[in-house]
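In this note's numbering, the protein residues as written are 2 to 1015.
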């Protein structure tokens, strides 16, 4: 039985499969060449763009060649068009093999690589008789490539480019910016700094063009496109302006004046002068090229010969290409020989050629629509298999085998099939297929189609790019992964990754496949994707599995017979009808790409809602509204993130769910996500293919993600010896209630709970110290949040909501411990926790001792002042009586007060309404307290208005007495005697009030406010 059979040498594959057609030997070329109908059109209209679909005709290569060589044609010019790798050079190579030089024909071939522009010109000159070569060689030798270094050549090209731009004659309607750039750009190329910084390096466009002119190219640098300047070749940034010369700065200024417009314009100016610069550096102008071709054709005419010029890549002639094109389009006459030319050229360049050159084109060949097609239609399994089979046979024959065949082969003869001498031929061909006796192993027709479609997904099946097929598929399989066949590891997952990864197996199928055997999962996935491609789990043909030792899939569908689809006219890659754009994006994400932002946002919303509702909040003992919702809550929408999402994941979130993360298999997660997206579009009905499996996957994932969230919330809320969120919130509420006067010094635990959770805290506290007032304001602002945190973790739960009743088992302990600790905040929030209540707790804990100490000092100072002024037994009533008596005495004496009497009366009325005596009692109660924090409930007693009223009273009384004194001094001596008794009484009152005023003023706050009595 066929098993792990390797019928070629992987190390020799690249000797045979070389995508650069001009590098392979003629014998190898004939061994792999396939004749395909060519799409050929004559010249139509005045430009290539006018060729319509009806103008294209199918021609076999021999028919095309015969028409190209028709004797009655005065000249022939075939433009072979196509993208890179489409087979343009291959067709030119084939033409070279079939157009032999003779006494009537001279054949010149411009190779795509292995030559230089200078050598191409020398090759053309060499066809002249010796006596006519001298003048042209002398011109060419003046380029000095034999004496100049590469650095000198780059300097020369820059000089020539600057001069070519300087000599350009602009049309009269050229705008001022274009004129300025043509005038200043030469200075940029001649500036010493700009040359060293940007133009003379080894990886610059200048270096590439110099190598194009003088150095033989190789497979790595052979041109597919004309070398031109792009905007990136003019990096006018950094310190360029500082270091550049004055003249070069003008060029920079001209470009930077409007960079978006002038930089592209500068590039266009450079490129339209580039050919003339190349010709100058080559020292062979366009006029000289035309003269050389005219001289050669005249000479060949005298010899009775025609000239055939085959150009494998027209970009190889950059610098003289347009002049050469002009020279080869002229018809033969009595002076010049007949000329036939075939040029491989990119479609873009050919579209730009002058009208006169296009009008002389006799054949336009579109290789993009030729290679690998069946009867002019799309590429099919049959045409692809036919094309590939010759390469597979050539690899088996090896280079030596091909050379041996070629020595005796007649033109048109096909190489022998290596399979003819293989003992496994019958089994192999029956299992893997064959074309004209050439086996397709290790592919089947279907597998080859699938793999080629993956390798060239941009072209297939509309067209076949031979270079991509050779480089990205055949070399990969036969060389890089050939040893995997011998070791029983084919097809490996790395091959599938190179070919685009999993695209057909739905995530639900991937998860199912992995569950059947995780060790074989990657092998099975690669095998089914590359050899079946239907997206279903099935055991393929037993012979196919045995050949690669692919294990049987337990419980999978019965083995599928190998389908003989090789002659199907339009077999295309299987497509999944249910794969939406979102499905494909999720599968690409599963394959290792980033998750597109729009899809991630949709999924985030759906997953967040599902997980939030899946959590058993009652069992968890938390109120959902306090933990789920908008930003600021522990679990919100952006808590959901995805591996490789295109937006950055915030690092400050308390709860994070990463999908798939480490908790869910990626395939299961992708299945779930695809399913919920589909269901969300149909009112969350899961009635679609694989809906049941996707729903099961989604429910499993949601359960796992919900448990993950629960665990994180538990960690956040779970009390530790150092930290308890709910207890911290309760302690802060008690502190606020005590400062606000809601908790008395002798309050019981029940009273403390009522006060802490009361919604009627005073807007201002009784404290006078600024630090204490600031602390109270901060606690007041956060009160609702603190209540929510405490209730969410200490209440009886119902439906995920905090009940009206606090759970005694959760709240009594923290309050009892807090009271026993004499109001000390001793919990330790985790380092780095910046959420509430941790942040507020940390702030209050640090500020409370200082605030309490300041308040204690001010209370004691105020008490001392009051007792000094009024005595230890002073009361509000006594002070009021004394002042009322003074007012009455002044009134009886008829002494004017200038309205100060009115002010004193108002101050007395306010003083009568304050709790001055209670403030004195509260201050006296603090006298025996040594710990300011432990005295916290005492700070809520008293009234701040008592000191305000006392201060106001002193000020009013002083103004009253001053006015009375002034009026008394103004009266006569007689009045002194008359009012002596009144004056004596007022003096006595004045002395007492002055003492009161002095003490009250000493207690004024630092911001200018009078001290408040608590």
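Beta carbons are placed, not taken as given, at the ideal position from N, Cα and C, and that holds for glycine.
I'd like the span of the alpha helix (DSSP H) that includes residue i, first residue to last.
i	result
residue 344	Where residue 344 is concerned, there is no enclosing alpha helix (DSSP H), although the beta strand (DSSP E) it sits in stretches over 340 to 346.
residue 482	That residue, residue 482, is in no alpha helix (DSSP H); it is neither H nor E in DSSP.
residue 912	901 to 914
residue 447	446 to 456
residue 397	382 to 409
residue 647	Here residue 647 belongs to no alpha helix (DSSP H), and DSSP marks it neither H nor E.
residue 50	Unbroken run through residue 50: none, as it is neither H nor E.
residue 16	14 to 17
residue 469	467 to 470
residue 134	131 to 142
residue 356	356 to 360
residue 413	Premise fails: residue 413 is in no alpha helix (DSSP H) and is neither H nor E.
Are the CB atoms of residue i and residue j nearer to each other than 8 Å?
i	j	result
residue 479	residue 346	no
residue 947	residue 920	yes
residue 305	residue 105	yes
residue 201	residue 152	yes
residue 448	residue 531	yes
residue 813	residue 750	yes
residue 605	residue 641	yes
residue 280	residue 186	no
residue 905	residue 961	yes
residue 507	residue 536	yes
residue 340	residue 298	yes
residue 18	residue 471	yes
residue 270	residue 182	yes
residue 118	residue 214	yes
residue 402	residue 7	no
residue 790	residue 732	no
Taking residue i as part of the beta strand (DSSP E), name the residues at either end of that continuous run.
i	result
residue 59	58 to 60
residue 643	641 to 643
Identify every residue that forms a DSSP beta bridge with residue i.
i	result
residue 539	558
residue 106	103 and 307
residue 439	436
residue 367	40 and 82
residue 1	One cannot answer for residue 1 here, as it falls past the ends of the chain, which runs 2 to 1015.
residue 76	340
residue 596	646
Nearest to residue i by CA position, among the options, is which residue?
i	options	result
residue 855	636, 246, 344 and 770	770
residue 901	152, 954, 427 and 137	954
residue 637	607, 127 and 644	607
residue 319	278, 143 and 457	278
residue 616	704, 291 and 123	704
residue 87	794, 834, 501 and 464	464
residue 189	235, 168 and 180	235
residue 866	886, 727, 924 and 958	924
residue 831	843, 822, 269 and 335	843
residue 149	102, 182 and 211	211
residue 859	768, 99 and 457	768
residue 752	727, 816 and 795	816
residue 351	246, 323, 609 and 514	323
residue 292	11, 140 and 959	140
residue 969	262, 895 and 261	895
residue 400	308, 748 and 31	31
residue 625	795, 68, 658 and 209	795
With a cut-off of 8 Å, does the C-beta of residue i fall near any C-beta of chain D?
i	result
residue 325	Of the protein chains in this structure there is only one, and it is not chain D.
Could you tell me which whole alpha helix (DSSP H) segments of length 4 or greater appear in the stretch 808 to 835? 809 to 821
Can you give, in chain order, each stretch of the alpha helix (DSSP H) that sits fully within the stretch 659 to 735 and has at least 4 residues? As for any alpha helix (DSSP H) of minimum length 4 sitting wholly inside the stretch 659 to 735, the runs are 667 to 681 and 692 to 718, ordered along the chain.
Fully enclosed by the stretch 151 to 220, which alpha helix (DSSP H) runs are 4 residues long or longer? 151 to 168, 177 to 191 and 206 to 215
Just list the alpha helix (DSSP H) runs in the stretch 847 to 902, keeping only unbroken ones of 4 residues or longer that don't cross its boundaries, in chain order. 877 to 894
Report the residue ranges of all beta strand (DSSP E) runs contained in full by the stretch 497 to 546; include only those spanning at least 3 residues, in chain order. The stretch 497 to 546 contains these whole beta strand (DSSP E) runs: 539 to 541.
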